[in-house]
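Residue numbers (the working numbering): 51 to 229.
Here it is, written out as structure tokens:
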């Protein structure tokens with residue numbers, strides 16, 4: 051699904067009980083064009099009750115750094131990420147996907163270690179769209195922080211994850227559900 055929410059490729063893959071399938075290239079769905087960067091997301095559906103997996107991503111050359119993340123499951127209306135890393139060495143990113151057809155509005159809050167709100171903003175995300183930004187894109191005046199946390203709260207279920215990184219390392223962080 052591309053950044054406009056349009057399905058750009060689809061494929062069915064049989065998987066035996068207890069089996070494994072590894073998707074290693076975009077040409078599983080598309081005929082790759084080396085001059086064209088394709089951005090978007092995958093939506094995986096299954097008639098099986100239990101399906102697990104992960105995604106690995108990193109620098110374009112696949113030589114400096116990479117990170118792995120388990121597949122995201124049930125959309126959540128509230129999620130917490132228990133660390134903020136923002137200074138001259140570290141950055142924090144947030145990716146959010148709205149899997150429904152309707153627009154969703156989420157509030158992004160950054161809090162210090164005492165739970166005091168440092169920054170907050172509201173973001174509207176159209177249906178079947180995603181956003182992936184650094185916290186400093188959302189909050190240009192965000193002070194340096196190596197403690198604290200951030201959360202998203204939405205009017206409908208969203209999928210999300212965070213990234214912590216440097217110029218040579220990357221770590222993907224799944225959300226913690228808020229009861």
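Ideal Cβ placement from N, Cα and C applies to all residues, glycine included. Given the structure is predicted, the values throughout are model-derived calculations rather than measurements.
| query | result |
| --- | --- |
| Taking the alpha-carbon positions, what's the residue 194 to residue 96 distance? | 43 Å |
| Would you call residue 137 buried or exposed, if buried means 16 or more other Cβ atoms sit within 10 Å of its Cβ? | exposed |
| If we ignore side chains and look at the alpha-carbon of each, how far apart do residue 64 and residue 115 end up? | 32 Å |
| Please say whether residue 121 and residue 104 have beta carbons closer to each other than 9 Å? | yes |
| Thinking C-beta only, is residue 139 closer than 9 Å to residue 81? | no |
| Starting from residue 264, trace the beta strand (DSSP E) both ways and give me its first and last residue. | Here the chain comprises residues numbered 51 to 229, so residue 264 is not present and cannot be evaluated. |
| Which residues mark the beginning and the end of the beta strand (DSSP E) in which residue 208 is found? | 199-215 |
| Quick one: what's residue 130 bridged to in DSSP? | 201 and 226 |
| Using only alpha-carbon positions, find the residue among 157, 128, 147 and 106 that is nearest to residue 72. | 106 |
| Is it buried or exposed for residue 177, if we count other Cβ within 10 angstroms and need 16 for buried? | exposed |
| How far does the beta strand (DSSP E) with residue 231 in it reach, from first residue to last? | Outside the displayed span of the chain (51 to 229) sits residue 231, for which this structure offers no information. |
| May I have the straight-line CA-CA distance separating residue 147 from residue 192, to the nearest angstrom? | 23 Å |
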